[in-house]
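Since the structure comes first, as structure tokens, the remarks are kept for the end.
In the numbering used here, the protein residues as written are 6 to 184.
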């Protein structure tokens with residue numbers, strides 16, 4: 006339903022309240038994200054890997070093609086690294102990292118934090134520096150009945166979406182805790 010304001014004080018007040026309320030909700034979600042309990046994640050391997058206590062999985066903190074800085078608080082582009090892959094390339098990137106694999110959709114979605122807002126992930130655990138890190142990420146899960154598509158997790162919104170396998174998207178690798 007659309008309406009227009011024609012210099013009505015009431016209309017201006019209502020419109021202002023809606024905008025301010027939206028900003029408050031967004032900032033509240035962001036603040037809650039920053040104040041989350043860190044007991045779920047344990048940093049390993051000089052902080053380049055994080056163990057998820059909820060799932061027992063180990064995750065690379067940075068995407069393929071990025072590396073953790075010496076302070077352990079942000080990811081930087083690798084000199085020779087590609088950062089986006091088609092779906093087949095995502096599997097190749099995973100196979101080039103000994104002991105690591107492409108996560109399935111449920112595993113990758115488990116990293117989404119619904120209390121976080123753009124991105125929907127704990128950024129002090131999984132640092133984001135650009136839109137590549139905030140968008141859709143490949144999973145190993147194909148879309149049943151559609152050979153040309155696979156499931157992806159969008160870390161900007163926290164949603165699971167379908168993507169064409171030819172799209173160029175980033176990859177976050179996972180391994181089982183026993184390794």
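For each residue, glycine too, the CB sits at the ideal point set by N, CA and C.
With contacts defined by Cβ atoms closer than 8 Å, residue 89 and residue 174 form a contacting pair. The alpha helix (DSSP H) runs lying completely inside the stretch 49-106 and spanning 4 residues or more are 92-100, given in chain order.
Counting every other CB atom within 10 Å of its CB across the protein chains shown gives residue 66 a total of 16 or more, marking it as buried. For residue 156, the closest alpha carbon among the candidates 102, 143, 127 is that of 143. Here residue 179 carries a strand assignment [DSSP, helix/strand/coil]. The Cβ neighbour count for residue 149, taken over all protein chains shown within 10 Å, is under 16; the residue is labelled exposed. Check the Cα spacing between residue 78 and each of 147, 129, 168, 145: the tightest is with 129.
For the stretch 110-167, the continuous alpha helix (DSSP H) assignments of 4+ residues that do not extend past its boundaries occur at 110-114, 136-139, in sequence order. Of the candidates 151, 117, 153, the residue whose Cα lies closest to the Cα of residue 138 is 117. In this structure residue 95 is buried. Its beta-carbon is surrounded by 16 or more other beta-carbon atoms within 10 angstroms.
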